[in-house]
Amino acid sequence: MIFQLRQGLGDNRNHWLKHAYHAGQRRSDVMLHGQDAVIARVKIIIKLERDASALKAFIVTLRQSDAEKREQLLSSAVDNNGNVILPELVNDATPKQTQPPSIGLPSQPAIVSDDELDIANFVSVDDSGETNSFGPSSALYNPTKNSPDKITQCDPAWIENVKNSLIANAALQRHLEYGLMKHPTIAGVPTELAMHLLNLHWDRQHHTFLLTYRPAVMRDLQCSGQYCSTFMLNAIFACCSKFSPRPEVREDPGDPSSAGLRFFNRCDELLAQNSLLMRPHITTIVGLLLLGSTYNARGETSKGWLYTGYALRMVYDLGLHLDPKQTTDNSEEIEIKRRVFWGAFVCDKLQSLYLGRPVAINLCDYQVSREFLDLYEETEPFHLPSSTVESTPSLPRNMDDMVPRYSVSTFQQLCLLSKIMTTIINRFYVVGATFSNAQNSLLKIEQALQKWREDLAPELDFQPWTSARTQAQTPNIMVLHNLYYSLIILVHRPFISDGHLRSTGTPSRSWEQCTVAARCITSIASVYKSTYELTGAPYVLAYTVYVACTIHVRNAASQSHKDEHLDLLRRSLECLDELCIANPGVAKPANSIRRLIEASRLNLTVDLGEPNSAIGTDISLDLDAIHNSFNTTEWPYQNYDMSTGMLTTVYHSIHYLAGSMYQHRH
């Protein structure tokens with residue numbers, strides 16, 4: 164059919180496109196009915212379905228392309244030997260059906276899911292029967308023996324049973340946690356203090372990465388099982404001490420930065436004494452990732468980078484980058500390994516952005532499902548952590564103010580966003596990034612971000628600028644949205660006047676995208692500050708506010724609505740300063756912004772008056788003034804065009820309202 168498309172002309176080609184499109188739909192439907200066939204046919208059906216989806220996506224792309232682009236696509240689809248090779252597409256999400264195109268944008272092509280890939284060739288079994296992660300190129304590779312496919316794991320009834328079993332076990336283990344209070348110490352720490360720090364962990368850091376699977380950790384804490392270790396516990400204590408108001412967790416009661424130092428030192432001792440870096444284990448991975456993130460937040464970036472790097476190497480060594488369902492039937496083990504891998508994946512990407520360094524796990528380096536079956540924490544009620552020093556959890560006084568945590572679904576969305584993040588880093592922020600490659604990737608990355616936003620479940624949405632009264636939302640959801648808006652800025656910022664991929668013209672659309680996103684970040688951070696205080700916020704929130712500041716300071720340098728941009732900049736800096744209390748390393752990016760303010764000769768101390776908060780006010784950017792405020796370097800690409808994009812509809816819908824919607828609070 165590809166040959167017929169290449170040879171067809173005009174209406175005849177359009178006829179073939181329509182025919183092929185509907186034929187692909189019918190073919191896909193027929194194959195879907197074969198999912199319950201015998202085991203021997205399952206792999207064939209999956210492959211056919213994958214091919215049909217790829218072909219249908221290719222045809223949809225052809226229909227939406229102009230004649231010149233269509234000819235290029237068809238030419239690239241057939242090599243010199245007559246083999247059909249469909250072009251590889253950027254976004255790796257797998258929609259259930261082809262989505263209608265958005266206004267002004269081509270629809271996002273359907274992509275094959277990682278879950279359909281075969282990892283058998285990357286699992287090796289030695290003579291003793293132990294499973295190892297050696298690929299087919301390895302001299303140590305020993306292929307696994309053929310074994311019957313575990314088709315029951317795809318059965319909806321089986322999945323539902325596993326889900327119910329895991330949730331029931333989580334509820335049971337939660338009740339059994341109180342049995343820990345009878346022990347005098349936990350990992351050498353008085354039990355009452357240890358439980359206080361553990362509860363801080365389960366209330367805060369745990370919900371960002373889901374690295375620690377609570378039912379297994381708390382169970383094995385009591386029985387010295389494999390999913391809890393002294394090193395991991397001390398890592399948890401060290402990382403959560405900064406959130407504790409207790410003076411006994413500080414070496415110097417008057418110095419917040421000294422919180423948890425004894426636990427940090429204990430972790431270093433355990434790593435050396437037990438040679439933990441030479442003995443990969445899941446608990447060691449978790450401990451290293453927690454410590455790595457915390458060291459980055461403390462400003463000890465070399466140590467944070469190295470600890471995280473060790474953890475990511477262990478992920479590969481233990482084979483966590485390969486979905487565990489093909490090597491084990493233990494549902495708890497599958498749940499734990501998936502969570503640890505994706506937690507490591509997210510930590511890798513956030514660290515890469517924060518430090519401006521390459522990622523360790525690329526999109527082609529793994530195949531792990533994002534399906535988590537223990538949903539106990541999904542609808543668990545969220546309430547403000549008690550400001551007292553109680554070690555046991557207490558119920559909130561006002562039950563009406565409670566909201567579900569949505570921890571699992573929020574984390575799954577963070578995983579998806581981290582995949583897009585990987586593409587952004589590799590196309591825009593690596594040493595070899597070029598203007599042409601970045602420009603060619605821009606629209607597809609915008610589409611991926613737009614699709615992520617459109618597919619977000621209503622319960623995970625957060626747009627405080629759409630109403631006068633803000634609906635309460637959990638901290639992890641606020642962080643998720645701020646990260647999304649920071650990615651929009653990171654996609655467009657390289658192309659603006661002083662960006663590292665800058666062009667000779669002033670791309671107004673990129674400025675608009677960055678300005679709207681920066682306003683949203685500051686608005687969400689302000690809500691976070693007024694609702695929860697920023698002393699307990701993760702360092703990634705500080706990074707998003709820093710990214711917003713890089714835009715606010717540039718806009719404030721212009722003469723258009725200068726007071727309003729100065730107000731946004733001042734509010735953002737106030738957030739950064741408060742974030743420095745728990746994350747002292749944030750002082751460096753905050754100082755970088757202040758140096759940029761000084762270089763731009765801006766004054767944040769004057770009375771700015773009341774910023775314009777009228778809904779629908781057309782706040783135009785003085786782009787030429789902004790452009791002339793910074794040095795530019797000419798690119799050889801004079802015809803750079805960025806006339807289409809994702810945030811245009813958002814721009815018109817919120818109309819720059821995000822920066823001033825909370826004045827009723829003050």
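Start counting the sequence shown at 164; every next residue gets the next number (this note's numbering). Built from N, CA and C at the ideal position, the CB exists for glycine as well. In this text, all values refer to a predicted model and were calculated from it rather than measured experimentally.
With fewer than 16 other Cβ atoms from the protein chains shown falling within 10 Å of its own Cβ, residue 594 counts as exposed. Taken through DSSP and simplified to helix, strand or coil, residue 502 comes out as helix. Taking one beta carbon from each stretch, the stretch 373-382 and the stretch 426-436 have fewer than 3 pairs nearer than 8 Å; the two do not touch. Residue 545 has 566 as its beta-bridge partners, per DSSP. Counting only the Cα atoms, residue 513 lies some 23 Å from residue 397.
Following the DSSP letters along the chain, one finds residue 449 inside the alpha helix (DSSP H) bounded by residues 445-461.
Distance from the Cα of residue 510 is smallest, within the candidate group 491, 524, 500, for 524. The C-beta distance from residue 701 to residue 371 rounds to 5 Å, short enough to meet the 8 Å contact threshold.
Residue environment: residue 614 is assigned as buried (16 or more neighbouring CB atoms within 10 Å of its CB, all protein chains considered). Sorting 358, 768, 687, 695 by C-alpha distance to the C-alpha of residue 726 places 768 at the top. Cβ-Cβ separation between residue 708 and residue 735: approximately 5 Å, consistent with a contact (criterion under 8 Å). Non-local beta-carbon contacts of residue 406 in its own chain, meaning distances under 7 Å to residues more than five positions away in sequence, involve 363, 367, 699, 745 in chain order. The beta carbon of residue 590 sits closer than 8 Å to those of 596, 600, 601, 604, 608, all from its chain and outside the five residues before and after it, given in chain order. Considering only 458, 387, 610, 540, the residue with the shortest C-alpha distance to residue 650 is 610. Counting other Cβ atoms within 10 Å of its Cβ, residue 498 reaches 16 or more and is therefore classed as buried. Following the DSSP letters along the chain, one finds residue 694 inside the alpha helix (DSSP H) bounded by residues 671-695. Separation of residue 528 and residue 619 (C-alpha to C-alpha, rounded to the nearest whole angstrom) is 26 Å.
Per DSSP, residue 725 is one residue of the alpha helix (DSSP H) stretching across 725-745. Annotation for residue 488: no alpha helix (DSSP H) segment contains it, and DSSP assigns it neither H nor E. Here residue 402 is near residue 453, since their CB atoms are less than 7 Å apart.
In the three-state reduction of the DSSP assignment, residue 393 falls in the helix class, which pools H, G and I.
Of the candidates 587, 504, 539, 574, 587 places its Cα closest to the Cα of residue 516. Setting aside the 5 residues that flank it on each side, residue 567 is surrounded in the same chain by 542, each with a C-beta closer than 6 Å to its C-beta; the list follows chain order. In the structure shown, residue 659 falls within a coil segment according to DSSP collapsed to helix, strand and coil. Around the CB of residue 341, fewer than 16 other CB atoms lie within 10 Å, so the residue is classed as exposed.
Per DSSP, the beta-bridge partners of residue 352 are 349. Sequence-distant partners of residue 395 (beyond 5 residues in either direction) whose C-beta falls short of 7 Å from its own C-beta, in its chain, are 446, 449, 450. In the DSSP assignment, residue 386 falls within the unbroken alpha helix (DSSP H) covering 377-386.
Comparing C-alpha distances from residue 500 to each of 715, 376, 681 shows the shortest one belongs to 376. Closest option to residue 756, judged by alpha-carbon separation, among 711, 730, 640: 711. Residue pairing for residue 753: DSSP places it in no beta bridge.
Listed as beta-bridge partners of residue 530 by DSSP are 485. DSSP places residue 412 in no alpha helix (DSSP H); its state is neither H nor E.
DSSP, reduced to helix, strand and coil, places residue 523 outside both helices and strands of the structure shown, so it counts as coil. Around the Cβ of residue 570, a 10 Å sphere holds 16 or more other Cβ atoms; the residue is buried.
A Cβ-Cβ separation of about 6 Å places residue 659 in contact with residue 674 under the 8 Å criterion.
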